[in-house]
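Q:
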Amino acid sequence: MHEKLDTALKKRAPMIRTQSHRQLSLADFDWPFQTALDEDNRWVKMSECIPWDELAEAYYEGLSNTHGRPTKDARLVIGAVIIKYKLCLSDRETVAQIQENPYLQYFVGLPGYQMEAPFAPSLFVEIRKRMGQSVFDVFYDAVIDAVDEAKQKPVAGRKTYGENSDDDDQPPAVSESLPESDAAEPAQQGKLILDATVAPQAIRFPTDLSLLNEAREFSEQIIDLLFANTTLKKKPRTYRQNARKAYLGIVKKKRPGAKVLRRGIKQQLQYLRRNLRHIERLLEHFPQGTRLPLPRWLLRRYWVIQHVYVQQWEMYRNSTNRCDDRIVSISQPWVRPIVRGKVDKPTEFGAKLSVSLTGDGVARVDHLRWGAFHEGHDLPSQVEAYRERHGVYPEVVLGDTIYGSRDNRRHLKDRGIRFAGKPLGRPKKVTDESREELKRQAALRREEYLQRIPIEGKFGQGKNGYRLNYIRAKRADTSAAWINSIFLVMNLLILLKVFYWLLGKVPTWARYWLSKRVEIVTGYCRRCLLHLPTMVPSPRPLVTF
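For the sequence shown, numbering that gives the first Met the number 0 assigns the number 0 to the initial residue and increments by one for each residue that follows.
(1) Nearest CA to the CA of Gly-456: which residue from Thr-196, Gln-220, Tyr-139 and Asp-37?
(2) Please report how far the alpha carbon of Asp-167 lies from the alpha carbon of Asp-359, in whole angstroms.
(3) Buried or exposed: where does Val-142 fall if 16 or more other Cβ atoms within 10 Å of its Cβ makes it buried?
(4) The beta strand (DSSP E) that contains Ser-418, what's its start and end?
(5) Ignore the nearest five residues each way along the sequence and tell me which others in Ser-484's own chain have a CB closer than 7 Å to its CB.
(6) Restricting to runs no shorter than 3 residues, where is the beta strand (DSSP E) found entirely within the stretch 361-395?
(7) Taking Asp-136 as the reference, give the member of Val-396, Ile-401, His-410 and Leu-367 with the closest Cα.
(8) For a quick check, are the C-beta atoms of Ile-416 and Pro-393 less than 8 Å apart?
(9) At the level of alpha carbons, what is the spacing between Lys-351 and Glu-219?
(10) Taking the beta strand (DSSP E) that Lys-457 falls in, what are its first and last residues?
(11) Out of Leu-109, Ile-49 and Thr-346, which has the shortest C-alpha to C-alpha gap to Asp-72?
(12) Out of His-277, Leu-494, Gly-459 and Gly-390, which has the shortest C-alpha to C-alpha gap to Gly-189?
(13) Should Pro-120 and Leu-75 be called a contact, given that it needs their Cβ atoms to be closer than 8 Å?
(14) Which two residues bound the contiguous alpha helix (DSSP H) that contains Thr-93?
(15) Pull the bridge partners of Ile-485 from the DSSP assignment, please.
(16) What are the residues that DSSP puts in a beta bridge with Val-354?
(17) Can the beta-carbon of Trp-42 be found less than 8 Å from the beta-carbon of Phe-106?
(18) My output table needs one value for Leu-275: the three-state DSSP class, helix, strand or coil.
(19) Below 8 Å between beta carbons: does that hold for Asp-365 and Val-354?
(20) If we count the other Cβ atoms within 10 Å of its Cβ and call it buried at 16 or more, is Ala-149 buried or exposed?
(21) Start and end of the alpha helix (DSSP H) containing Ile-77?
(22) Can you have a look at Gln-269 and say buried or exposed, based on whether 16 or more other CB atoms are within 10 angstroms of its CB?
(23) Got a sec, what are the start and stop residues for the beta strand (DSSP E) Val-338 sits in?
(24) With DSSP collapsed to three states, give me the class of Phe-106.
(25) Would you kindly check if the distance between the Cβ of Gly-370 and the Cβ of Pro-199 is under 8 Å?
(26) Compute the distance between the beta-carbons of Phe-204 and Ile-329, then report whether it is under 8 Å.
(27) Given the structure, does Tyr-402 come close to the ligand FAD, in the sense that its CB is under 7 Å from one of the ligand's heavy atoms?
(28) State the Cα-Cα distance for the pair Glu-38 and Gln-104, rounded to the nearest angstrom.
(29) Taking the CB atoms as reference points, tell me whether Leu-437 and Lys-427 lie closer together than 8 Å.
(30) For Asn-143, name the three-state secondary structure that DSSP assigns.
(31) If contacts are defined as beta-carbon pairs under 8 Å, then Ile-82 and Thr-70 qualify, I think. What distance do you get, rounded to the angstrom?
(32) Measure the alpha-carbon distance for Leu-36 versus Ile-49 and round it to whole angstroms.
(33) Under DSSP, the alpha helix (DSSP H) around Val-497 begins and ends at which residues?
(34) Under three-state DSSP, which class holds Cys-322?
(35) In angstroms, rounded to a whole number, what distance separates the CA positions of Leu-411 and Met-489?
(36) Which of helix, strand or coil does DSSP assign to Gly-263?
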């Protein structure tokens, strides 16, 4: 058969070069690993700039030194987490990729290529449980310190702007253009960008009817298990078939009316009330203090469905769609509806994040809560956290109007910090003397408003590129670790750009062009930091992800 295929291929026109795609044997497959690995591989480059020792110290801090089994190496654990959230893989796929790829094994710190898996995929769950917010706070600080160190590190083999050069077009060094009076470190330095977003949880869109139907099904499971462990002869009647039929009769309609939905909710409430009463009677057959024949997860569901029934009954009785601490998921009862007011998604279901962004593009999650909160109240703590990290207060705080309350403005003014926003009160009267000054202030506010774009882009990068809008963890603490891991990966990419692109990976003419910008960091514009690969051509491929 293969000979006939080869003959047919040879009869084709000479300009069409084709070959047989039959599968080779494994012995005939060209195995290139007798040669050295590529030093310009993206994972090799990233491993060189990550502060592994600082990350490992933070990871080990929460572990016991005297109890439990010996832990896996911190670089293996942290490296696997970075790979998982960088490539948007599942736990099993991440372990499989590390097992098959020698570059990934080098990245996680293995001494050599090995055929077996580094650890079981289920270990990821325990890793997410251990990595709390305090661990990620140290991770963020380590990345910020690494970025600052990379910016101050001189480039070996390259001349800086302050050195003598044969190129007459080289601009003078930045330090030489500043007067000596400005050399002293100011009391305020840098800028702090603040904003909030929601990381939606991977749950089904909640409706009152579907939530009650799910609660009813869990109550039926509890009745079945309790009845099987009693001496009763007759099982309590639950009418589960009628309840299921009534539920499907409504949800299969394309647009059920309000009266139909209200009648369906009433029916499900009645079925659920009957089942809860049956459960209470069945529990009387088990003496107090004895172990119930229910798994732990079902006991938790029993506690949740009782709260669901109380909330849904109150809303039905009062003919309203709102209640405090409303439960929208029985399996994840900590998730709350958060009204955002967006056109496509007016309400989101997940954790609300209060995020701060430095001028270098490094973001950190300052506060993570599962309920709706006013992010403007977090500004004082975020400003103080900036001072603890950098030693000085920021020069300016950039945020939307929700941060510009009177209390926040007073707090910033007492510390000599300027809030980049529209001043409160009535607009000033336009006169011939103040016309130019008011135009200048309006232009400055417009420019500073545009400087908030990077934090919006950071949210878009996380949601569109790293699935920040689809958190698939099943616990509250593991969901928080999932979210922080995504921000850690995005910060490491900033570190990679600073470490390689800003330090010697751009031609000289591009350095001179970028030096014409307003803000200069080792010859490059901070504003263009995130877009540098698309702006500056390079004679060789850059490290891309």
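All residues carry an ideal CB built from backbone N, CA and C; glycine is no exception. Keep in mind it's a predicted model, so treat the numbers as computed, not measured.
A: Let me spell this out:
(1) Thr-196
(2) Summary for Asp-167: the model assigns pLDDT 42, below 50, so the residue's position carries little reliability; its value from the coordinates is reported in the next sentence. Whole-angstrom Cα-Cα distance: 30 Å.
(3) Buried, since its Cβ has 16 or more Cβ neighbours within 10 Å.
(4) Correcting the residue type first, residue 418 is Phe in the shown sequence and not Ser. First-last of the beta strand (DSSP E) with Phe-418: 417-419.
(5) The answer, listed in chain order, is Val-80 and Tyr-84.
(6) 362-368
(7) Answer by Cα proximity: Leu-367.
(8) yes
(9) C-alpha separation (whole angstroms): 34 Å.
(10) Careful: Lys-457 lies outside any beta strand (DSSP E), inside the alpha helix (DSSP H) at 452-464.
(11) Leu-109
(12) Gly-390
(13) Contact: no.
(14) 90-99
(15) DSSP lists no partner for Ile-485.
(16) For Val-354, the beta-bridge partners assigned by DSSP are Asp-194 and Val-364.
(17) yes
(18) helix
(19) yes
(20) Ala-149 comes out buried.
(21) In this chain, the alpha helix (DSSP H) harbouring Ile-77 covers 73-86.
(22) exposed
(23) 336-338
(24) helix
(25) Their beta carbons are not under 8 Å apart, which means Pro-199 does not touch Gly-370 by this criterion.
(26) no
(27) Absence of the ligand FAD is noted for the structure shown, with no ligands found whatsoever.
(28) 14 Å
(29) yes
(30) Checking the sequence shown, residue 143 turns out to be Ile, not Asn. In the structure shown, Ile-143 sits in a helix (DSSP, three-state: H, G or I).
(31) So it is not a contact: roughly 19 Å between Cβ atoms.
(32) 20 Å
(33) Looking at the DSSP string, Val-497 is not in any alpha helix (DSSP H), and its letter there is neither H nor E.
(34) coil
(35) When rounded, the distance between both Cα atoms is 29 Å.
(36) Gly-263: helix per DSSP, three-state reduction.
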